[in-house]
Each structure stands twice: as C-alpha cells, then as structure tokens.
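Peer 1: Protein sequences appear in the order of chains D and L. Take 3 as the starting number for the first sequence in the working numbering and just add one per residue. Take 184 as the starting number for the second sequence in the working numbering and just add one per residue. Ideal placement from N, C-alpha and C gives every residue a C-beta, glycine not left out.
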Amino acid sequence: MFGAAGKSSAYPLGINPAILLVAVFLLGYPLFASDFFTFQIGAYSLILGTIALSLTMLAGYGGMVSLAQMTVAGFAAYVMAILGTNSVGVMGLGWPWWLTAAIAILGAALLSTFIGAISARTEGIYTIMITLAIAVAFFYFVRQNYVIFNGFTGFAGIEPPTLFGVYWRDPMPFYYLCLAVAAFFYFAVLYGSRSSFGLGLQAVRDNPRRVRALGINVFSHRVVAYFYAGAIAGTAGVLLVWFNGRVSPGLVGVDMVIDILVIAVIGGLGAPIGPFLGAVAFVLLENFAIDLIDRERFNTVIGLAFLLIVLFSPDGMLGLWRRAESRIRLPRANALWGARANRDDWHSASSPKRM
Amino acid sequence: MLQITRNTLLAAAVLAIASPAAAQDTIKMGGLATLEGAFAAPGQDGIRGIQMALEEVNSMAGGKKIELITGSSDASPASAIRATRKLVEQDGVQIMVGPLSGSEGLAVKDYAKTKPNVTFINGTSAAQDTTLRNPAPNFFRFSTEGAQWMAGLGEYAYNVKKYRKVAVLAEDYSFPYTQVFGFLEPFCRLGGKAPADARFWVPIGNKDYSSVIAALPDDVDAIYVALGGADAINFLSQYQQAGGELPLIGGSITVDQTVLGSKGKIRETVIGTPSAGPISDTWDDPRWAAFVAQYKKMFAGKGGFPSPSLFAHGYYINAKAALLALDKVNGDLSDGGKKLRAALASLKFETPTGMVSLDERRNAIADIFLTEVVEGPGGNLVNKTIGVTNQVSQTFGLPYEQFLKYGQVSRTNPPCN
Numbered sequence: 003m004f005g006a007a008g009k010s011s012a013y014p015l016g017i018n019p020a021i022l023l024v025a026v027f028l029l030g031y032p033l034f035a036s037d038f039f040t041f042q043i044g045a046y047s048l049i050l051g052t053i054a055l056s057l058t059m060l061a062g063y064g065g066m067v068s069l070a071q072m073t074v075a076g077f078a079a080y081v082m083a084i085l086g087t088n089s090v091g092v093m094g095l096g097w098p099w100w101l102t103a104a105i106a107i108l109g110a111a112l113l114s115t116f117i118g119a120i121s122a123r124t125e126g127i128y129t130i131m132i133t134l135a136i137a138v139a140f141f142y143f144v145r146q147n148y149v150i151f152n153g154f155t156g157f158a159g160i161e162p163p164t165l166f167g168v169y170w171r172d173p174m175p176f177y178y179l180c181l182a183v184a185a186f187f188y189f190a191v192l193y194g195s196r197s198s199f200g201l202g203l204q205a206v207r208d209n210p211r212r213v214r215a216l217g218i219n220v221f222s223h224r225v226v227a228y229f230y231a232g233a234i235a236g237t238a239g240v241l242l243v244w245f246n247g248r249v250s251p252g253l254v255g256v257d258m259v260i261d262i263l264v265i266a267v268i269g270g271l272g273a274p275i276g277p278f279l280g281a282v283a284f285v286l287l288e289n290f291a292i293d294l295i296d297r298e299r300f301n302t303v304i305g306l307a308f309l310l311i312v313l314f315s316p317d318g319m320l321g322l323w324r325r326a327e328s329r330i331r332l333p334r335a336n337a338l339w340g341a342r343a344n345r346d347d348w349h350s351a352s353s354p355k356r357m
Numbered sequence: 184m185l186q187i188t189r190n191t192l193l194a195a196a197v198l199a200i201a202s203p204a205a206a207q208d209t210i211k212m213g214g215l216a217t218l219e220g221a222f223a224a225p226g227q228d229g230i231r232g233i234q235m236a237l238e239e240v241n242s243m244a245g246g247k248k249i250e251l252i253t254g255s256s257d258a259s260p261a262s263a264i265r266a267t268r269k270l271v272e273q274d275g276v277q278i279m280v281g282p283l284s285g286s287e288g289l290a291v292k293d294y295a296k297t298k299p300n301v302t303f304i305n306g307t308s309a310a311q312d313t314t315l316r317n318p319a320p321n322f323f324r325f326s327t328e329g330a331q332w333m334a335g336l337g338e339y340a341y342n343v344k345k346y347r348k349v350a351v352l353a354e355d356y357s358f359p360y361t362q363v364f365g366f367l368e369p370f371c372r373l374g375g376k377a378p379a380d381a382r383f384w385v386p387i388g389n390k391d392y393s394s395v396i397a398a399l400p401d402d403v404d405a406i407y408v409a410l411g412g413a414d415a416i417n418f419l420s421q422y423q424q425a426g427g428e429l430p431l432i433g434g435s436i437t438v439d440q441t442v443l444g445s446k447g448k449i450r451e452t453v454i455g456t457p458s459a460g461p462i463s464d465t466w467d468d469p470r471w472a473a474f475v476a477q478y479k480k481m482f483a484g485k486g487g488f489p490s491p492s493l494f495a496h497g498y499y500i501n502a503k504a505a506l507l508a509l510d511k512v513n514g515d516l517s518d519g520g521k522k523l524r525a526a527l528a529s530l531k532f533e534t535p536t537g538m539v540s541l542d543e544r545r546n547a548i549a550d551i552f553l554t555e556v557v558e559g560p561g562g563n564l565v566n567k568t569i570g571v572t573n574q575v576s577q578t579f580g581l582p583y584e585q586f587l588k589y590g591q592v593s594r595t596n597p598p599c600n
C-alpha cells in the first residue's frame, strides 16, 4: 500500500499485490461476513474512518489538529433531520433526500470553512483549544435549543432513500455505499496530497514563514483545507445519520469528539489509510471489549489498548506496520525511505525521523 | 498462492466468528444496562437483578440452560441500539432484557419492530410511549412506567402535605417528562400549581446546580425533584450545602437506594421526602423481605446497595417473567419465539411487590408504593411505606382512547398554571 508510488514498476500491472488483496477483501467482505459484521463493524468503521480522515487530512498534511470535525459531521446529520423527514414531529420539512444531502454536505463544508477562518491564524495547542471550544459550544447549543434542534431528544426516524429498488440501510447496500464514499475520499486525499494545493499545504505545515515569504497566502490555504475537510466530514455525517436513523446531542458530545481524535491518532496521522485502521480497531474494541473482561472494567481495556498503541508507536498503527515491514525487508525498505526523504510528499516530513 | 490461502483461512476464521453457533440445549439471554456514564451505578444494580432471577432457578428454565450475555450503553439511544444490535445480531440472543432508561426504551422498541423473532423484555426504562403509542408486538414491560410510579403522590402532596404550589426540577428527557406528568396530573387536578417559569429542565449528567438553586422561586411550598443516579446526588448535596430549606418531593429514582446508599452529604435534605415508586425498602411483607434477604446474601460487600434498588427490582421482575414463560413453553423457541410471546402476554405472577399482569399493549399492571425517607435502624436511609396503591394501570384506570386525550408527555404537559 505504501510502496505503490515508489516501486510501481516492480509489480505486474503496476499494482502492489497487497493493495489488490485489500481491495478484494473489502469488496468481498459482505459475502462472508454476517449482517452484524457488515453493518455495525464494517459500515460503521468506514463512516468513523471517513470522519477521522478529514482530521488526518487537516492534522497530517496541514498541521492543524481540529477537534471540531465530529461537530461538522454532526451538523450535516442534523441538517438531514431538519430539512428531510423525521418521526419526532419537530421540523422535518420533508425536502427530497438528494437536495437535503447536498445542502447538508455543502453546509458542513461551509461550517468547517467558518471554523477554519476562526482558528487558522492559531497554531498548535491554541487550534485545539479553539476547535474544542466550538465543538462544546455546538453540543450545548443543540442540547438546549428546542425550536430547531429538539434539545436532548434530538431526532429519530431518519431514513435513507429507497433507490433502484434497494433500501439503502440494508446491511449490504449500505456497506457498499460507505465503502464507495470512503474509497472516493481516500483517493481524493491521496491525490490531493500530491497536487500543488496539497504540496502547498504541507509546506505551510512545515514552515509557514518561508511559504509566506514565497508569496503564498498561508491563511487562505489553511481555510481552503478546512473547506475540503468539511465536505469529507459532512458526507460521512450524512451516512452516520442514515446508519443510526437518529441524531441527538450525544452524537456531537465531547466523548465523540475525542473518539475521532483517538481514532486518527491510534491509526496514525501519516497517511490517509491511518484513520481507517484506527476506526476498525476502535469499533472492534468498542463492541467486543465487554466480552473479554468483567463488564464493569471493559472501558479500562479500551483505554489500555489505546495507551499501548500510542506508547509503543507514537505514529499509531501505521507506524507499527511500517516498522514491521522495514524489519522484514530491511534493505529494500531502507532504500525506499531514503528515496522518499528527498521527495516533497507526506513521507518526507515523518520518515527521516525514523531512520 | 500462499497469500491467497492465508486470505481464505482468514475469511473462514471471520466467518466462523461471525455466524453464531446455535446450541440446542442453551438459550441465550441478553442483558442490556447502562454500565457507563451517569447511570452506571443503577445499571450495575439492574444486572444484579437479572443475576438474582437466574440464581433462583439455577440458570435453568424450560429444561434448558440460560446463558446471560451482558451489553452496555451510556444511556444514549444510539449506544443502546448499537449494544442491542450486537446482542441480537452477533451474540444471537433470542430474549433480551433491557434497557434501563427512558429514551433508550423508545429506541429499542423501534428496533424491536425490525426483529419480529426476538423477544424484547424491558429492563427499567419507564417512558410512557414505549408501550402507550405505537407499541412493538414483541416488546414487553413487566416493570411499570414513570407515570404509574407516581400513583398517589400528587394526592398525598396536596391533601396531606397541603402543598399548593411546587417548583419542578427534572432531567430533560422522556422518563422525567413521564414522571412529572404522573405527579402533576392529580396534583393540578386537585388545584395545585406548577408554573412554567418554576420548572427547571437540566441535561443528564449535569454536575453544577448552583444556577438552578439560585433561581428557585421563594413562593413555592416544595420542590418536585425528578433526577436520577449521580445527578440526584449532585443536586441533593449541593442543595444541602447551599442551605436550601424547601421541602422536597422525590421522583421514583431521586431518593431510591442508588442515591440514599451513596456517600454524598444529603442526609438532612432528604429525610422526610415523600416519593412513590414500584418498590418500598421497608415494606412489611414476607415476599419483599425474602427478596431483600436474597439480595443481601448475594451482593452484600460485593458492591451491592444496602437494599435492592428499583433497578434490581425491575430487571429481576422482567428476567423472572422471561424465565417463567420459558418454563411454560418448555424452552421451545423453534417457532421464532411465537409461543413464548403468547405465554408472556398472558403471564400473571407473584413478585416481591405483589401481582403483576400485562394490559393489551403489554405494559404491566402492578402495585405502587407511596413512601417517605426515614433513618433506618442501622443509620441507613430507607424509604418507609406510607401506602400502597393497588394494581395501577398505565391509563390510570381510564379507557385507552380517553387517556390519549391527555396528550404526549412533555415539558409543558400538564400546563398547570
């Protein structure tokens, strides 16, 4: 997966067999997995992974750790309930799903742009503080606003459309829908990171002063990144509300905000596959930790697992994988990292440290 | 080739995990409670209730072994659904007991409609609409609900305590709405007042009540408090600290054992507080005494409360109902539980708190206790029984259609100005 760009000519068809295997596995997954594994593990991981992907994009490429990505996704989810149909009897304007979804995603992107405009002049911990404040403010706002957001109860009965004779919350179609969205954004982020915009963003991350000296507008570069990240999180938010069928303040609470950060960090911020690895680990633990241990202690297991990952691999599961890989194929991998260190892409910032 | 083989093996392994093995001689029973968040202590006591019911029959019912699989939520509907889905679709439970809190119950009822072959039996969730409007045919509630639990309290506050005007402090979701409705409906019908600007709705998990305490009006006779778990302890200790002197009227889980058994400084504030609910700690009845003795035997010194809470009681009754119905059908669930559900619907049985039977929407009709907090013999705070209201139905004895005219419970129902 990570070797594709550098070593493409060595493989038949120019594709790393590991990528093919992953693709075949992901496509064939619902054929052998139960409905539960398809829907609650598979689809949910892809949704959370996509939200975390928007954070990875901002943090990994832009150096901006925004805790408001869940808020952006939650905003899209609320828009779906407010403009679309719900069973609660508050709002629910009954607009067609495609219009609602388009507005939800665009609205989420604009909200994210707005958050970016507020926070993009800050750095490091101050960005975290501002975006956390926005996330918490949004949580309290929706919890206390009854006219539009229906307070603590929120909305229920939000249905995905039935299109082409398919009910899109059935596990298999919904899984493929999530997979398509996740794959689209995965490749979009991968492609974007090598575009001039993406390279510019990484330059802004590494040395904003030098970039400014070159005549590039650092502020607007960052805000545009927030716009794209908002579109990603917003789309995932639409999927999330279809997944749950409901939206309430708990969805945008501090717990969930932190969960997204945890997913991104344990997965690894170095590459767009990281958040998906993190999401799978998170969802599996969330569902099955209770079976491993005394039910009063299972949250401790979840916490310990995350602690161990971060302790032994500061760059997440991605780092674990890379280290394992380089240990197995040391000479080749070393050559690869060496070659990459000179190239101006996402590896250059992180890989030399590991050498 | 090797990699393909490995992948196939992996697929097979996942498949093996993914398809629940159907054992012939065991029945899987799910237990869903809030083991995280503000209601964690009540949730644990709920699971204790299930364990008591299982212990009584040595985990055997209808000739089959009952395997309990627990699931946990954090009191939010979405987490309850995720945990339920895991229990039903992954662990393959055929009977589920739970959930604990009101909005979770509404969500699980909706989910139940999509799994007609699984039997859902309530834990202690007590929102009215779980069974009153659009009930699910496979959702049963042998524990009563929040408005039923208030039976007799409104009359008592007006007639005996002579309160005429009360402030209301409650959590902002479906269960407290139901409780407030159940208390205010008789209280206001008699002539009591609870003005809209003296009703305070706080979110679950609220920790700081200073602003609410400061805003409490002076011209009320009492405060009706419907908070639960950690929320109740926080309010009561802060109210005592602030030197609050208004008498309180308690919701069913505001002065129950999960609160009274806590270490918070609440003693002076809560003594003398009237309340009503499905249990009374000191009820002078051999059935209840045996239940308490059994609870103490199993859980004293192992994290249990001094006396079983209504969560232990509610989960116990619901699990007990499941076991009794399983006995009736000899553990036969081969028809997707159809016979079991028929047996449940007609079940009538003796509980530690009297007879329980179901109405046509599968909601319990049971006895409700009017209580008052007193200091027990060992210095523990307990609820003393003042009275029992026999066989309270969900519609307060009114015909169904007529009861619906009260409208859905909400922050403003009844208006009562």
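#1: List, in chain order, every chain L residue whose beta-carbon is nearer than 7 Å to that of D37 of chain D.
#2: At which residue ranges does the segment 262 to 297 of chain L contain complete alpha helix (DSSP H) runs of 4 or more residues, listed in the order of the chain?
#3: With a cut-off of 8 Å, does the C-beta of L203 of chain D fall near any C-beta of chain L?
#4: Go ahead and label T115 of chain D buried or exposed: buried means 16 or more other beta carbons lie within 10 angstroms of its beta carbon, across all protein chains shown.
#5: Rounded to a whole number of angstroms, what is the C-alpha to C-alpha distance between A54 of chain D and L410 of chain L?
#6: Hey, quick one: how far does the beta strand (DSSP E) through P457 of chain L stretch, first residue to last?
#7: Which one of D:F27, D:R325, D:V81 and D:I21 has the shortest CA to CA distance from I107 of chain D?
#8: If you measure from the beta carbon of K588 of chain L to each beta carbon in chain D, is any gap under 8 Å?
#9: Please work out which residues of its chain come closer than 8 Å, Cβ to Cβ, to N342 of chain L, disregarding the five sequence neighbours upstream and downstream, and give them in chain order.
#10: According to the Cβ coordinates, are K348 of chain L and G375 of chain L closer than 8 Å?
#11: Using alpha carbons as the reference points, say which of L:A340, L:P378 and L:I387 lies closest to D402 of chain L.
#12: Taking the Cβ atom as the reference point for each residue, do V512 of chain L and G245 of chain L lie within a distance shorter than 8 Å?
#13: Pull up the distance between the alpha-carbon of V240 of chain L and that of A190 of chain D, whole angstroms please.
#14: Put Q574 of chain L into one of helix, strand or coil per three-state DSSP.
#15: Grouping DSSP H, G and I as helix and E and B as strand, with all else coil, what is T441 of chain L?
#16: Using a Cβ-Cβ cutoff of 9 Å, what residues of the segment 146 to 166 of chain D are near chain L? List them in chain order.
#17: Could you tell me the alpha carbon to alpha carbon distance between V138 of chain D and V149 of chain D, rounded to whole angstroms?
#18: Which whole runs of the alpha helix (DSSP H) in the segment 39 to 107 of chain D are 4 residues long or more, in chain order?
#19: Listing by chain order, which chain L residues have their CB less than 9 Å from the CB of L253 of chain D?
#20: Could you have a look at R299 of chain D and say whether DSSP puts it in helix, strand or coil?
#21: Check whether the Cβ atoms of G447 of chain L and L419 of chain L sit closer than 8 Å, and answer yes or no.
#22: Please tell me whether S463 of chain L and V438 of chain L are closer than 8 Å, where the distance is taken between their beta carbons.
#23: Kindly indicate if chain L contains any beta-carbon less than 8 Å away from that of N88 of chain D.
#24: Going along the chain, which residues of the segment 235 to 246 of chain D sit with their C-beta nearer than 8 Å to a C-beta in chain L?
#25: Using DSSP bridges, identify the partner residues of V385 of chain L.
#26: Which of the three DSSP states, helix, strand or coil, is assigned to I252 of chain L?
#27: When DSSP builds the beta bridges, which residues end up paired with V408 of chain L?
#28: Which of the residues in the segment 45 to 78 of chain D, read from start to end, lie with their CB under 7 Å from any CB of chain L?
#29: Starting from G293 of chain D, follow the alpha helix (DSSP H) in both directions and report where the run begins and ends.
#30: What residues from chain L crowd round N301 of chain D, counting only those whose CB sits closer than 8 Å?
#31: Alpha carbon to alpha carbon, how far is M72 of chain D from D467 of chain L? Give it in angstroms, no decimals.
#32: Kindly list the residues whose CB is nearer than 7 Å to the CB of I105 of chain D, restricted to its own chain and excluding five residues on each side of it in sequence; keep chain order.
#33: Between the alpha carbons of K269 of chain L and T302 of chain L, how many angstroms are there, rounded?
#34: Taking 8 Å as the threshold, find out whether the segment 142 to 161 of chain D comes into contact with the segment 245 to 254 of chain D through three or more Cβ pairs.
#35: So if I threshold CB-CB distances at 9 Å, which residues from the segment 347 to 381 of chain L count as touching chain D?
#36: From what residue to what residue does the beta strand (DSSP E) around L553 of chain L run?
Peer 2: So, from the listed chains and residues:
#1: E272
#2: 285 to 295
#3: no
#4: buried
#5: 36 Å
#6: Boundaries of the beta strand (DSSP E) harbouring P457 of chain L: P457 to G460, taken from the DSSP string.
#7: D:V81
#8: no
#9: L373
#10: It is a contact, given that the beta carbons lie within the stated cut-off.
#11: L:P378
#12: yes
#13: 59 Å
#14: DSSP places Q574 of chain L in strand when its eight states are reduced to three.
#15: helix
#16: Q146, Y148, G153, F154, T155, G156, A158 and G159
#17: The alpha-carbon separation between V138 of chain D and V149 of chain D amounts to approximately 20 Å.
#18: 46 to 58 and 71 to 85
#19: S259 and A261
#20: coil
#21: Yes, the Cβ-Cβ distance between G447 of chain L and L419 of chain L is below 8 Å.
#22: Their beta carbons are not under 8 Å apart, which means S463 of chain L does not touch V438 of chain L by this criterion.
#23: no
#24: Of all residues in the segment 235 to 246 of chain D, those with a C-beta nearer than 8 Å to a C-beta of chain L are N246, reading in chain order.
#25: L:E354
#26: strand
#27: Paired residue(s): L:L352 and L:G433.
#28: none
#29: Contrary to the premise, residue 293 of chain D reads as Asp rather than Gly in this sequence. It spans G276 to L294 - the alpha helix (DSSP H) in which D293 of chain D sits, taken as one unbroken run.
#30: E219
#31: Rounded to whole angstroms, D467 of chain L to M72 of chain D spans 53 Å at the Cα level.
#32: Counting only residues of its own chain and dropping the five nearest sequence neighbours on each side, I105 of chain D has a CB closer than 7 Å to the CB of V81 and L85.
#33: 15 Å
#34: Note that the segment 142 to 161 of chain D touches the segment 245 to 254 of chain D; at least 3 beta-carbon pairs, one per stretch, sit closer than 8 Å.
#35: E354, D355, Y356 and S357
#36: A547 to E558
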